[in-house]
Each structure stands twice: as C-alpha cells, then as structure tokens.
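In what follows, a structure is listed as structure tokens, so that the remarks can point back to it.
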DNA sequence: CCGTTTGGTTCCATTATGTGAAACTTTGTC
DNA sequence: GACAAAGTTTCACATAATGGAACCAAACGG
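Protein chains in written order, with the numbering used here: chain D, 1 to 261; chain L, 262 to 522.
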C-alpha cells in the first residue's frame, strides 16, 4: 500500500524504529528520532515506550536517550549460535586462513545485501565481532555474487531491485543485465570473482555454500590484493575453497535435523 | 487480562514469538511452536510471516523450519558498537588481561540478571561474541553483587525479587537478608568478591563501573580458581581494577555526550 | 519573575489492524 | 485412493493502533 513498500504492519513499523535507533552510532534522543520525520510524535513515542518496555531498547533516564537493549543482545546471541553458519564454519575458517594466509570472509544474504558473518584476517587476528554484522553490497562483492547466482528466480528479482548498482570502481558491474550475465558464468564455473569491483586493488575468489537442495545458504571467500597476488593465483585455490564450503554445507545440513530423525 | 502479565500490544506478542523461536536451540517447525499453545494457528502463522518478512526470522523452505534471522546479527553489531560499555572498555580489558593473566569479565545489569558483555580468557584469546550475550544470576556472582550494591532502593527491591536464590554451592548467599548485608559490606569497601558462590573453585574480585551520578552502569571482574590463586591475592589487585573501572566510567561518561555540548 | 520556546508526555475520537474459528489446500501415509 | 496431519487462506468482528491536539516541565531570555 504505502509508497515505502516495506514496513508492513505494526510490527514492521516497530522494527523500523529499532533500526532507526541502531543506525545511529550512539544513544539517541527522542527528538533526534522524531526529526527523521518517519512517524508522528505520539506514534514514535508509543513505539519507543513499547520497545523499551520489552527490553529491546534501553532508556537512560539521566540523559533521556535510547539505545539498543539487552534483550536484543540476548536474541542476537541465540541467533548467532542457532541460525548462522558461523559456529559450524569457525574451525574451517581457521583451517583455510592458516592454509592460505589470506583474508577469509564468511557471509550470508540479508535481504539483497551481504552480511559478513565471520572473518579471518591475513596478518594478525582481528576481533571477530567487530567485523561481523557489517553489511555490504551484493552486486559488487565476491560473496554477494556467489550467493546471487544461486538464488531462485523471484528471490533474485527482488534482490536485484534492491541493488544500488553504484559504480564503485571502473570494474563494477553497474547494470542488472551485466550482472545477470556474470551470474550465469558463476553458475557455470561454480565460483565467483571480485575483480576490484568494490574496492581498488581488492580481489577475491568466492564460493557459495549450497544446501542439499541447491539454495545458497552462505558464501565463503579468500580475499587479497592485487599487490600481493593475482586472480589466477586465487583461482588456483578455488577447488580447495569449494571443498571447505561443501564440508560446511554438509555439517550445516545434518545439524539442522531435530534430535530424532 | 493475560495471566502472563507482560506481552503488551501486538509488538510484544511478536517479540514473544521471537523468544519462542530463540528458546529452542535449533530451527523449529510451525507445529512445534503451535503446540506450545500460546497463540492460535492463524495468529501464530501471521506473526511468523511478518517476522520472516522482516528478516528477524529466517525460513528454511526445504525443511519448513524457522530460525532466528540475520537482521538480529546486524542489530547486535549495532548494539555492541553503540550502547554497551564494550567498545570503550576493550583496550582496558586487554590491559588488565595482560597484566593479571587471569580471566576478565565485563558485565551489565539486565533486569536483575547479569549480562556478560565482554570477556578475556586467561589462557588463549576467546572469540568475543561467543561469550557476549550470556546471562547469569546476579546474587551469586561478583559482577552481579557489585552492581546490586549500587542500585537505587526501588530498583534493588525489584531486582531482589527476581533472584532465584538457588543454592549453587555451600557458599551461596541464599536469602535476601544475607545478600543485603553483603551488599552493605561491598559498598563499604568498594568492591565485591565471589567466594565460590556460583561455581565450586571459582573465585573473583569485582568492581562496579559507576557513572558520575553514582549509578552502576556495569562491572568489571578478575576471575580465577582456588587452584591457581587465593582471594587475598585477588584482593591485592582490587585497587588496580578500581582504577581501570574509573577510567572506563570516565570515558563512558564523556562519550555519551552528543558531539556538541 | 514571568512569557516563550523546546522537548517530552498524555488524551481520545476515529479507523485501520489484528484476531482467530473455520474452511481450505497441500503433503505424506497406509 | 482414502485418511490424516501440517500448513495456508478467508472473513466477519473487535481490539488495538493512530496522530492531531492539548498538556506539562524544564530551560531560556529579557
């Protein structure tokens, strides 16, 4: 109905407010949120009350500011442990990182965008969570394209609509048709490249993590720089990455069964 | 109205459903949730649809199961960066961990329970997020008691009501009055101990992180085992922990101000 | 000390939204 | 092919969300 297209129902709106609070990098005042002009005063106020009462937001009475609440952290912890690939994939990422010495990314699809779920850094160990939770574009990253390539038709259509197709570099595929052609190539060869499409000098080789039914439940990539290596050298690792992706997929599959068959 | 007492409004109910999914440790079927008898079929169905559409849940069409969605992970990242003490405290935790070689905990209060926000492990670096989000009891942990001791009266009363006072070990303070006496002692000396009150052999020295107005915004502890050290040895570090807690408090205070005064 | 602005909270008539029993469709089983 | 179990859609109804406006409380400013 609405021009927005998303945010259906009261719940959707409330979650919108949550996102509004989350998108600020610090605790926010009521008026700051109001100034975004998304909801009228009384409505916004009620949502903040409800969310606070529910523990999804926390209210600092000293400052009159709202921040994300502890219930959210608890839910997130559960989400992490339960739904994402990360806990399963962790040892495999370690393995791949040790083997290649390069940066490793594990990502999942989040409504047309790429969510980096875990990461291993080439040089020194990096705090995991500082990286996890970052979102990036799908159309111009290795992991993004690897997952897009295995999306069912309607899901792909919806995802493509959400792409900005901003031309980050000279190599960025900035039209849906160019991307579709690339996706076909990816399906044919089973893995994706990032040919400096997102950032200058950054290249990667990415592999989808496929469920038994062929859906992309995530993607795994080895990333490096043009200064350190070449695309061909990365491609040489593709089979190994596919191996590991397959192992992760298999474990994810069996793990999802209820205790009883 | 409801016997439950909470879950006000549509948003509350939806979040309830989220919790229902979260409380199972794996992906759940529609019928499993339905069997809990909380909501009628159509209602539950609609909530699951909405939450899935919103990315708070993810639906696996192969299995027909719901799990917590990736949007939560994204929100968690924001929560981490924004509201908790963690980003501020991180370097200090590192410092303290390096200095003591012991396990360090950073916690916040969550409705009478303790939420572990960050952790440093004595032996090898531990993945942060795997630890964060864990909740524990307040009445029998060092960080819990340190925070309880600085709670305003009514908040303390409410918090005490929420304590189970389960007797985990022979040392557990298992009555409100015993705990209140202990809290007075903690206020007097400025730090708290855990004398194997939660787990056998686990001892700690914990310090509240106090805002300028005297509210406990968190707590910091150095934890060890009776096999490795003594309470007296831990107490020797108390001043150092207090120092660091004060630094964190100060930085947290200034950090909360908007860019302009 | 009192008008004024700014930021936050409450009211309440209106109406959009959520509700859930029941009907229906699909999928799996014997 | 009939039966059951699981999942999806419908629709008359009632509850719950909506948001303009009024209200309140500090913080200003003269």
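By construction, the Cβ of each residue, glycine as well, lies at the ideal position given by its N, Cα and C atoms.
Asked	Found
Residues that residue 395 of chain L contacts on chain D, provided the C-beta gap is smaller than 9 Å	74 and 77
Other residues of its chain near residue 134 of chain D: CB distance less than 6 Å, five sequence neighbours each side excluded	116
Distance, residue 137 of chain D Cα to residue 162 of chain D Cα	9 Å
Cβ-based neighbour list, residue 333 of chain L, same chain, cut-off 7 Å, excluding 5 preceding and 5 following	317
With 16 other Cβ atoms within 10 Å as the buried cut-off, status of residue 427 of chain L	exposed
Residue range of the beta strand (DSSP E) that includes residue 406 of chain L	That residue, residue 406 of chain L, is in no beta strand (DSSP E); its alpha helix (DSSP H) goes 403-409.
Reduced DSSP category for residue 191 of chain D - H, G, I as helix; E, B as strand; rest coil	coil
CB contact below 7 Å: residue 108 of chain D versus chain L	yes
Pairwise C-alpha distance: residue 233 of chain D and residue 298 of chain L	57 Å
Environment of residue 254 of chain L [buried if 16+ CB atoms lie within 10 Å]	Any property of residue 254 of chain L remains undetermined from this structure, which presents chain L solely from 262 to 522.
Proximity below 7 Å, CB of residue 208 of chain D to CB of residue 146 of chain D	yes
Interface residues of chain D facing residue 323 of chain L [CB-CB closer than 8 Å]	211, 212, 213 and 215
Close-in-space but distant-in-sequence residues of the same chain around residue 313 of chain L (CB under 8 Å, 5 per side omitted)	319, 320, 327 and 330
Option nearest residue 63 of chain D by Cα separation, candidates L/456, L/473, L/355 and L/464	L/473
Validate contact between the region 221-233 of chain D and the region 98-107 of chain D using beta carbons, cut 8 Å, 3 pairs	yes
Residue environment, residue 461 of chain L, which counts as buried when at least 16 other CB atoms sit within 10 Å	exposed
Exposure of residue 74 of chain D, with buried meaning 16 or more beta-carbon neighbours within 10 Å	buried
Cβ-based neighbour list, residue 360 of chain L, same chain, cut-off 8 Å, excluding 5 preceding and 5 following	501
Minimum length 4: unbroken alpha helix (DSSP H) runs contained in the region 300-335 of chain L	302-314
CB contact flag (residue 536 of chain L, residue 464 of chain L, <7 Å)	The structure shown does not extend to residue 536 of chain L, since chain L is modelled only from 262 through 522, so no value can be given for it.
Residue 488 of chain L Cβ short of 6 Å to the ligand GDP heavy atom set	Although the ligand GDP was asked about, the structure shown includes no ligands whatsoever.
Near-chain D residues of the region 284-300 of chain L (beta-carbon distance less than 7 Å), N- to C-terminal order	286, 287 and 288
Reduced DSSP secondary structure (H/G/I, E/B, other) of residue 379 of chain L	strand
Residue closest to residue 453 of chain L, alpha-carbon to alpha-carbon, out of L/354, L/503 and L/342	L/503
Nearest to residue 87 of chain D (by Cα), restricted to the options D/118, D/245, D/12 and D/112	D/118
Selected residue, minimal CA-CA separation from residue 323 of chain D, among D/91, D/120 and D/28	Because chain D spans 1 through 261 in this model, residue 323 of chain D falls outside it and cannot be assessed.
Closest by C-alpha distance to residue 61 of chain D, when choosing among D/30, D/217, D/184 and D/79	D/30
Chain L residues whose Cβ lies nearer than 9 Å to that of residue 8 of chain D	311, 314 and 315
Rounded straight-line distance, which links the Cα of residue 79 of chain D to that of residue 217 of chain D	15 Å
Assigned secondary structure, residue 221 of chain D (DSSP; H/G/I helix, E/B strand, else coil)	strand
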